[in-house]
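Working notes for the structure below.
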Amino acid sequence: MSFSGKVALITGAAGTIGSGAVRAFLDRGAKVIAVSRSQSSLDKLAQTLRDYNTPTDNLIPYVADVGKDEDLGRLAAEIKAEKYPVPDHVVSCSGPWWHLPELQEISVEKFREVMVSNFESHFFIYRNFAPFVLDKSGATYTLVTGGIGEGGTASLVSLTQNAQYGLAKVAIHETRAKAVRFNELRISFRIETDANWDKMVKAGQVHEGEAKHAASREFGPVFTAIASAEATDQKGNVIYVNSRAKAAELEEKYL
């Protein structure tokens with residue numbers, strides 16, 4: 128399916144998951160507003176895309192800290208002022224991995240830092256950009272979460288993911304009668320950056336086609352599959368992707 132004439136707004140665009148989404152939408156002709164915290168990260172993203180033969184003519188880089196509502200509010204205002212195109216598809220992808228001690232050993236400052244980065248950012252993204260797609264025919268909003276929240280094995284990361292699950296539940300309820308197709312995409316297997324994956328393959332650390340391990344470029348088409356006009360049944364769902372096979376199933380069904 129072509130996304131020519133469509134606009135995707137992707138936060139966490141330079142990250143492992145987000146960069147795959149950026150590439151998938153660009154490869155299918157969409158314009159992509161790629162939001163990241165630093166210009167250097169966006170420059171690196173653009174170079175990586177070119178290195179892997181993805182055209183960047185439709186890439187619209189935008190520097191904003193998703194943990195700051197005022198940064199995202201600035202972009203929203205610029206979209207309303209027609210400085211940037213109005214999105215048809217929003218991908219909310221934010222939250223690095225943290226190696227943290229047990230809860231009682233975490234400082235209040237660290238707690239707040241992680242909550243802003245891994246949870247509050249998703250709320251800020253939603254409140255600023257959901258209004259553009261709520262009543263738009265064919266629009267989608269995908270909130271990216273992870274399976275580690277289903278257990279308590281990752282300290283505060285598990286906690287923040289449960290908060291993300293709660294945000295998704297509320298958004299699913301509140302958009303049930305809206306045009307937008309809101310879904311939570313819950314990823315439960317390991318994704319590597321393209322460069323890291325290729326290094327690991329070369330070193331014999333991983334093998335192409337591994338069931339529970341994939342490159343960002345291999346996972347990215349999941350986002351265009353969910354956003355596809357064929358995926359009308361994907362509305363108000365928690366979409367579980369825990370293997371390469373499940374990702375391929377979505378792509379085959381909708382793309």
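What the sequence shown shows, in our numbering, is residues 128 to 382, in sequence order. Virtual Cβ for every residue (Gly too), placed ideally from N, Cα, C.
Would you list the residues sitting across from residue i in a DSSP beta bridge?
{"i": "ARG308", "result": "THR267"}
{"i": "ILE144", "result": "None; ILE144 has no bridge partner."}
{"i": "ARG317", "result": "HIS340"}
Measuring only the C-alpha atoms, how far is residue i from residue j?
{"i": "VAL190", "j": "THR269", "result": "21 angstroms"}
{"i": "ALA135", "j": "ILE144", "result": "15 angstroms"}
{"i": "PRO228", "j": "SER282", "result": "7 angstroms"}
{"i": "ASN369", "j": "PHE316", "result": "5 angstroms"}
{"i": "ALA148", "j": "GLY278", "result": "26 angstroms"}
{"i": "PRO258", "j": "VAL213", "result": "11 angstroms"}
{"i": "ASP122", "j": "VAL235", "result": "No answer is possible for residue 122: the residues shown for the chain start at 128 and end at 382."}
{"i": "VAL297", "j": "PRO223", "result": "23 angstroms"}
{"i": "ALA306", "j": "LEU153", "result": "24 angstroms"}
{"i": "VAL333", "j": "ALA322", "result": "13 angstroms"}
{"i": "ASN180", "j": "PRO348", "result": "15 angstroms"}
{"i": "THR272", "j": "LEU186", "result": "24 angstroms"}
{"i": "VAL159", "j": "VAL193", "result": "17 angstroms"}
{"i": "GLU209", "j": "ALA203", "result": "10 angstroms"}
{"i": "ARG254", "j": "ASN310", "result": "16 angstroms"}
{"i": "ASP196", "j": "ALA341", "result": "33 angstroms"}
{"i": "GLU335", "j": "VAL328", "result": "7 angstroms"}
{"i": "ALA375", "j": "PHE346", "result": "9 angstroms"}
With residue i and residue j assumed to form a contact (beta carbons below 8 angstroms), what rounded beta-carbon distance in angstroms separates them?
{"i": "ARG201", "j": "THR351", "result": "Their Cβ separation, rounded to whole angstroms, is 28 angstroms, which puts ARG201 and THR351 out of contact at 8 angstroms."}
{"i": "SER355", "j": "LEU382", "result": "6 angstroms"}
{"i": "GLY363", "j": "ARG303", "result": "6 angstroms"}
{"i": "SER308", "j": "ALA338", "result": "Position check: residue 308 holds Arg in this sequence, whereas Ser was assumed. Rounded, the Cβ-Cβ distance is 28 angstroms, inconsistent with contact."}
Can you find a CB in chain B that lies within less than 7 angstroms of the CB of residue i?
{"i": "ALA151", "result": "Note that chain B does not occur in the displayed structure, where there is just one protein chain."}
Inset, instruction - For the region 176–245, list the alpha helix (DSSP H) runs that are entirely contained and at least 4 residues long, ordered along the chain. - result: 196–207, 235–242
Legend entry - Segment contact flag, the region 244–256 with the region 285–292, C-beta cutoff 8 angstroms, min 3 pairs: yes
Legend entry - Sequence ranges, beta strand (DSSP E) only - wholly within the region 330–378, length at least 3: 340–342, 364–368
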